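S.K.: So the sequence shown is numbered by the working numbering: it starts at 9 and just counts up by one.
For every residue, glycine included, the Cβ atom is placed at its ideal position computed from N, Cα and C.
Predicted model only: the values in this text are computed from it and were never measured.
Structure below; questions to follow.
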Amino acid sequence: MVQAEKPVHALPPVSRADEPTLGAIKRALHELSRAPSGSSQQDSGAMLREAHDLLRSLARSHGIDPDVAVRNRLAEVALLRERMVLASIASPDQASS
Numbered sequence: 009m010v011q012a013e014k015p016v017h018a019l020p021p022v023s024r025a026d027e028p029t030l031g032a033i034k035r036a037l038h039e040l041s042r043a044p045s046g047s048s049q050q051d052s053g054a055m056l057r058e059a060h061d062l063l064r065s066l067a068r069s070h071g072i073d074p075d076v077a078v079r080n081r082l083a084e085v086a087l088l089r090e091r092m093v094l095a096s097i098a099s100p101d102q103a104s105s
């Protein structure tokens, strides 16, 4: 008798096809950075704040409220996780069959 493996319930990364990958964002921030490589953490912090402000102003210029967009995205992720947990609870245990 071969025992079936239990399915692993890992949460998939939540992304949309039109969203850039994390790697693409990091490369773009690195290319836009005015701080030379090997700069201090203080310089890096200033660069990240500048990038954050730039992204927020870019979103606003496209008619997107960044705070509302973040809240909506977090709600979507929470709903997806809840559905996945409920689906894993509702599915029969394959190991006992």
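Express the C-alpha separation of A67 and V85 in angstroms, rounding to a whole number.
M.R.: Between V85 and A67, the C-alpha separation is close to 20 Å.
S.K.: Using three-state DSSP, classify G119 as helix, strand or coil.
M.R.: In the structure displayed, the chain extends from 9 to 105; residue 119 sits before or after that span and is not available.
S.K.: For the alpha helix (DSSP H) holding D75, just list the boundary residues, first then last.
M.R.: From DSSP, the alpha helix (DSSP H) with D75 extends over 74 to 98.
S.K.: Please look up how many angstroms separate the CB atoms of L37 and A59, rounded, as I've assumed it's under 8 Å.
M.R.: Yes, they are in contact, since the Cβ atoms of L37 and A59 sit about 5 Å apart, within 8 Å.
S.K.: To the nearest angstrom, how far is the alpha carbon of E99 from that of D61?
M.R.: One point to set straight first is that residue 99 is Ser, not Glu, in the sequence displayed. The straight-line gap from Cα to Cα measures roughly 45 Å.
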